[in-house]
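In what follows, a structure is listed as structure tokens, so that the remarks can point back to it.
Numbering (the UniProt record's numbering), first residue to last: 1 to 148.
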């Protein structure tokens, strides 16, 4: 009986560890380079301090999201209230937020980025709103945007 419990805890623990190993880029230039090289869209999480944590807690912290994101997108977290960020980076992030029509935080946007002849172009795929139902519902909505 003890052995079965240990095996169960081992497998559950490994699933939870996978959900915590997400690699979020915080620099748009690095994210664009990775997106262009890997031919995967950007998932940009616009956030700030003191706002709802439903998306991070109910979607991003799940094993389902960890597996899906690893296979489908480049993760980018842009904290618009980050005090350690340079003014240039902060201005760039705010301009991107405004250009994508993001008017409330937190918000998740999917977009394609490509670099040709030193010029970056964006193709806004859409916004993935938070809905009750957890990660599976959210991933389903994101997949509808990525694969219309």
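Heads up, the beta-carbon is just placed ideally off N, CA and C, and yes, glycines get one too.
Here's the rule: buried if 16 or more other CB atoms are within 10 angstroms of the residue's CB, otherwise exposed. What is residue i?
| i | result |
| --- | --- |
| residue 129 | exposed |
| residue 79 | buried |
| residue 53 | exposed |
| residue 111 | buried |
| residue 75 | buried |
| residue 59 | buried |
| residue 83 | exposed |
| residue 123 | exposed |
| residue 68 | buried |
In whole angstroms, what is the alpha-carbon distance linking residue i and residue j?
| i | j | result |
| --- | --- | --- |
| residue 136 | residue 21 | 19 Å |
| residue 34 | residue 117 | 16 Å |
| residue 42 | residue 141 | 15 Å |
| residue 28 | residue 120 | 11 Å |
| residue 96 | residue 57 | 25 Å |
| residue 125 | residue 39 | 14 Å |
| residue 24 | residue 77 | 6 Å |
| residue 66 | residue 88 | 31 Å |
| residue 132 | residue 62 | 14 Å |
| residue 36 | residue 71 | 15 Å |
| residue 64 | residue 90 | 31 Å |
| residue 101 | residue 85 | 22 Å |
| residue 81 | residue 115 | 28 Å |
| residue 148 | residue 26 | 28 Å |
| residue 6 | residue 134 | At residue 6, the pLDDT of 44 sits below 50, so the modelled position is not reliable and the matter cannot be decided from this model. |
At which residues does the beta strand (DSSP E) containing residue i begin and terminate?
| i | result |
| --- | --- |
| residue 102 | Careful: residue 102 lies outside any beta strand (DSSP E) and carries neither H nor E. |
| residue 77 | 74-79 |
Can the beta-carbon of residue i be found less than 9 Å from the beta-carbon of residue j?
| i | j | result |
| --- | --- | --- |
| residue 32 | residue 99 | no |
| residue 144 | residue 73 | no |
| residue 138 | residue 55 | yes |
| residue 127 | residue 109 | yes |
Which two residues bound the contiguous alpha helix (DSSP H) that contains residue i?
| i | result |
| --- | --- |
| residue 117 | No alpha helix (DSSP H) holds residue 117; DSSP gives it neither H nor E. |
| residue 43 | Note, residue 43: premise wrong, no alpha helix (DSSP H); beta strand (DSSP E) at 42-47. |
| residue 32 | 28-38 |
For the region 44-53 and the region 94-105, state whether three or more C-beta atom pairs, one from each stretch, are separated by less than 8 Å.
-> yes
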